[in-house]
Amino acid sequence: SICAAMCALKRPDELHKYVCVKTVSTDFMGTGQMKRENIRWFPSLVEMGAYWMKNKLLIDSAEFKRCCDFYYGDATFEEAFARTGKHVCITVSASRATASSGSGGQRLLLNHISTPHVTLASAVTASCALPGL
Numbered sequence: 006s007i008c009a010a011m012c013a014l015k016r017p018d019e020l021h022k023y024v025c026v027k028t029v030s031t032d033f034m035g036t037g038q039m040k041r042e043n044i045r046w047f048p049s050l051v052e053m054g055a056y057w058m059k060n061k062l063l064i065d066s067a068e069f070k071r072c073c074d075f076y077y078g079d080a081t082f083e084e085a086f087a088r089t090g091k092h093v094c095i096t097v098s099a100s101r102a103t104a105s106s107g108s109g110g111q112r113l114l115l116n117h118i119s120t121p122h123v124t125l126a127s128a129v130t131a132s133c134a135l136p137g138l
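Under my numbering, the first residue of the sequence shown is numbered 6, with each subsequent residue one higher.
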């Protein structure tokens, strides 16, 4: 979903200039802002271990959402489609301890048709969520 949202939002020339580069995960857009504000997809293993010991979770969801917000801003599926014309879908699922239908968790397909006002950042955050981790 991280890559799908980027492809939805960026035109081909922008993908080559900003995304298909070595520094896409450490200095997106080449401004140095990520380092200054400590924005990153995942903390170091030591930090993850410490966070696990304290919270029984690997990653702080608020920090992951902050990173998604940095990369995608407040762009919605509808806005991304209007900008690039790309049909992109992101799947999210909700786990349930006891599913009433017996089929497990509910699955949603997010895109510019079914969920035009959902932001790409929130879709990526939800798609990457792993309950208990």
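Ideal Cβ positions, reconstructed from N, Cα and C, are used throughout, including at glycine.
Taking C-beta atoms under 8 Å as the contact rule, L114 and C94 qualify, at a distance of about 5 Å.
A direct Cα-to-Cα measurement between T81 and R71 gives close to 16 Å. In this structure, the beta-carbon distance from T96 to S132 falls below 8 Å. Collapsing the DSSP output to three states places L135 in coil. Residues of the same chain with a CB within less than 8 Å of the CB of M53, apart from the 5 flanking positions on each side, are F47, L63, I64 in chain order.
Annotated as distal: A99 and S6, with beta-carbon spacing of 8 Å or more.
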